Amino acid sequence: MVSQSVHPGQTMADFKNDILKTHNTYRKTHRSNPLKWSNKLQANAQRWADKLAKKGYLQHENQSEEGENIACMKGAELTGERAATMWYDEVKYYDYSKPTFSSKTGHFTQLVWNGSTELGVGRATASNGMQFVVARYNPPGNILGKFPDNVFSSNGKPPPTTSSNNSNNNRTTRNKPEKRQQQPSSDKQTDKDFKNAVLRTHNQLRKHHGSGPLRWNSSLASQALSAAQEAAETNTLRSVDNNKVGQNMAAISGAELTGEKVSNMWYDEEKKYNYREAKFSSSTGSFTQLVWKGTTDLGVGRAFGPNGQTYVVALYQPAGNVRGLYSENVLQSRGTRPGSKKEDQGCGCAIM
Numbered sequence: 001m002v003s004q005s006v007h008p009g010q011t012m013a014d015f016k017n018d019i020l021k022t023h024n025t026y027r028k029t030h031r032s033n034p035l036k037w038s039n040k041l042q043a044n045a046q047r048w049a050d051k052l053a054k055k056g057y058l059q060h061e062n063q064s065e066e067g068e069n070i071a072c073m074k075g076a077e078l079t080g081e082r083a084a085t086m087w088y089d090e091v092k093y094y095d096y097s098k099p100t101f102s103s104k105t106g107h108f109t110q111l112v113w114n115g116s117t118e119l120g121v122g123r124a125t126a127s128n129g130m131q132f133v134v135a136r137y138n139p140p141g142n143i144l145g146k147f148p149d150n151v152f153s154s155n156g157k158p159p160p161t162t163s164s165n166n167s168n169n170n171r172t173t174r175n176k177p178e179k180r181q182q183q184p185s186s187d188k189q190t191d192k193d194f195k196n197a198v199l200r201t202h203n204q205l206r207k208h209h210g211s212g213p214l215r216w217n218s219s220l221a222s223q224a225l226s227a228a229q230e231a232a233e234t235n236t237l238r239s240v241d242n243n244k245v246g247q248n249m250a251a252i253s254g255a256e257l258t259g260e261k262v263s264n265m266w267y268d269e270e271k272k273y274n275y276r277e278a279k280f281s282s283s284t285g286s287f288t289q290l291v292w293k294g295t296t297d298l299g300v301g302r303a304f305g306p307n308g309q310t311y312v313v314a315l316y317q318p319a320g321n322v323r324g325l326y327s328e329n330v331l332q333s334r335g336t337r338p339g340s341k342k343e344d345q346g347c348g349c350a351i352m
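Pasting the structure below:
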C-alpha cells in the first residue's frame, strides 16, 4: 500500500518550492540557467515514485526521453532541500579536468546540467515509511561529449577541458545504481571510522543537552549489525525484538550515510520537540532517545543493500523514551549546536 499523503512535514506545494529553489541555488553557483517547473515532468515523476514505493527499492525507469535523479530515505523527513543536496553532494567527486560521466557523480551533473531547462518532481511513501523522490529533467543531461559545455566549476568559470570528439556524443548516460557488496567501498567511511564518528557525534550532541557521554557496547553493536544486515537482505527496517534496548534506525540511498550524518539526522527532530509538554512523539522519538540522560551505552551496526542502500541500526541501554520521565532526561540545549560541517547536519544533507 502506498500513500502519497503520508508526509509528516512539508506539504506538496512546499516540497515543490523547496526542491526547485534548492536546484536553482546550486545551478546558479555553477553558472547554469535556472530551471522552470513542468507539470508534465511532475506527472511522470509522480507515476514512477508511486511504482517505486510499491516495489520498495530504488530503480531508474527504462526511458531516455527525460533525465532522472532518484532517492529514498527512512528515519527522517526527505525534504526538497535534503533530496537536492543529497544529489549535489557528489560534486566533491567530480573531476573538472576530465569532464565525463561517472556513476559517482551522475546525480550532481544532471542537477547542474546547463542544457536542462525544466524540472518536475514526484514523491511517495511506502507502507513501511520509506520515502521515495523522483526528479525528471528536460532536456536530459549527462550526454557523452557534452560535459565541458554543461558542467561548470563553482567559481563561475568554465574549467579547462580535455574533451575530444566522440561518436557517441548524443548518447544520454543514465546514473543507474551499482551493485554494492556488504562492505564499504574505498571512498566511504571504514567501519572503524563510522563507529568513532557515530559515538563522537552522539556525545557532542548529548553534551549540548547536559547528558553524559555514552560508552561503546560491543554486545549492542553485534545485535545492531545483525538487524542492519537483515534489513539489507530484506530491504525492510524492522524493530529489534528486545524491549530492554532503545532503538534508532535509518536508511538512505543515493548518498553516503556517515556516522556524523546519521546522528545529525536523528537529532534534527529536536526542532519539533515540545519541552513544555515533555512527552513521547513519533516525530521526535529519535532525538529524545539520542539525548536521553539515563542512557549510558551505545552500539551501532551498518550494512549495504544490493541497489546502493545503506542501513543503520543504533541500540541504546538503558532504553530511553520512558513515559513520565522526559522532563529529567531530555533537557533543553545549551548554546550553539555542535558540529561545524553543514554537510553533516541533516538540514543540509541527503537522507532516505
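Letter by letter, the sequence shown follows residues 1 to 352 of the UniProt record's numbering. Beta carbons: idealized from backbone N, C-alpha and C, even for Gly. As the structure is a prediction and not an experimental result, all values here were calculated from the model.
Output needed for residue i: all residues of its chain with C-beta closer than 8 Å, excluding positions within five of it in sequence on either side, in chain order.
i: LEU325; result: GLY294
i: THR105; result: GLU90, VAL91, TYR93 and TYR94
i: ASN128; result: GLY56, LYS74, THR236 and LEU237
Rank the options by C-alpha distance to the C-alpha of residue i and give the top, closest one.
i: GLY67; options: HIS107, ASN128, THR310 and THR336; result: HIS107
i: SER281; options: ASN321, VAL198, VAL91 and GLY129; result: ASN321
i: TRP37; options: ARG31, GLN309 and GLY120; result: GLY120
i: THR310; options: ALA255, THR288, VAL300 and PRO318; result: ALA255
i: ASN17; options: VAL112, GLN317, ARG82 and ALA251; result: ARG82
i: residue 432; options: PHE304, ASN114, GLY122 and ALA124; result: Residue 432 lies beyond the residue range present for the chain, which begins at 1 and ends at 352; the question has no answer from this structure.
i: GLN317; options: ALA278, GLY246 and LEU20; result: GLY246
i: GLN11; options: THR79, ASP241 and ARG136; result: Note that residue 11 is Thr in the sequence shown here, rather than Gln. THR11 has its Cα closest to that of THR79, out of THR79, ASP241 and ARG136.
i: LEU41; options: TRP87, GLY122, ILE19 and LYS21; result: GLY122
i: THR336; options: ALA197, LYS207, ASN39 and ARG27; result: LYS207
i: SER222; options: TYR96, GLU77, LYS21 and VAL300; result: VAL300
i: SER218; options: LYS192, THR25, ALA250 and MET249; result: LYS192
i: PHE152; options: SER97, LEU199, THR22 and ILE19; result: SER97
i: PRO338; options: ASN203, ASN39, LEU220 and ASN24; result: ASN203
Just the Cα atoms here: how many angstroms apart are residue i and residue j?
i: LYS146; j: THR85; result: 23 Å
i: ASN169; j: HIS209; result: For ASN169, the predicted model reports a pLDDT of 35, less than 50, meaning its position is unreliable; a value from the coordinates is still stated below. Those two C-alpha atoms are separated by around 55 Å.
i: THR109; j: ASN138; result: 14 Å
i: ASN166; j: SER226; result: For ASN166, the predicted model reports a pLDDT of 32, less than 50, meaning its position is unreliable; a value from the coordinates is still stated below. Near 48 Å, if we compare the C-alpha coordinates of SER226 and ASN166.
i: ALA224; j: ARG302; result: 8 Å
i: LEU58; j: SER253; result: 8 Å
i: ALA126; j: GLU65; result: 27 Å
i: ASP241; j: GLU277; result: 29 Å
i: ASN150; j: PHE15; result: 26 Å
i: THR201; j: GLU230; result: 25 Å
i: MET130; j: PRO213; result: 31 Å
i: residue 396; j: THR288; result: Limits of the chain in this structure are 1 at one end and 352 at the other, which puts residue 396 out of reach.
i: ASN243; j: PHE304; result: 26 Å
i: ARG334; j: ALA197; result: 22 Å
i: ASN69; j: TYR26; result: 15 Å
i: ALA71; j: LYS279; result: 32 Å
i: ARG31; j: THR296; result: 49 Å
i: GLU269; j: THR22; result: 21 Å
Considering only the beta carbon of each residue, do residue i and residue j sit closer than 8 Å?
i: TYR267; j: LEU315; result: no
i: LEU298; j: TRP216; result: yes
i: LYS272; j: SER286; result: no
i: ASN62; j: PHE101; result: no
i: ALA228; j: VAL112; result: no
i: ALA251; j: MET265; result: no
Quick one: residues in its chain with C-beta nearer than 6 Å to the C-beta of residue i, no 5 flanking neighbours on either side, listed in chain order?
i: LEU52; result: PHE132
i: PRO184; result: Low local confidence applies: a pLDDT of 49 at PRO184 is under 50, so the model's placement there is unreliable, with the coordinate-based value given in what follows. Counting only Cβ-Cβ distances below 6 Å, and skipping sequence neighbours, we find nothing.
i: THR117; result: none
i: TRP292; result: GLY320 and ASN329
i: VAL134; result: ALA45, TRP48, ALA49, ILE70 and GLY122
Please list, in chain order, all residues of the same chain as residue i whose beta carbon is under 7 Å from its beta carbon, the five residues on each side excluded.
i: THR29; result: SER154
i: TYR275; result: GLN332
i: ALA319; result: LYS244, VAL245 and GLY246
Using a Cβ-Cβ cut-off of 8 Å, state whether residue i counts as contacting chain B.
i: GLN59; result: No chain B appears in this structure, which consists of one protein chain only.
Does the contact criterion of 3 or more C-beta pairs under 8 Å hold for the region 222–236 versus the region 41–51? Contact between the region 222–236 and the region 41–51 is absent: fewer than 3 CB-CB pairs across the two stretches fall below 8 Å.
Three or more C-beta pairs closer than 8 Å, one from the region 326–338 and one from the region 248–262: is that the case here? Short answer: they don't touch.
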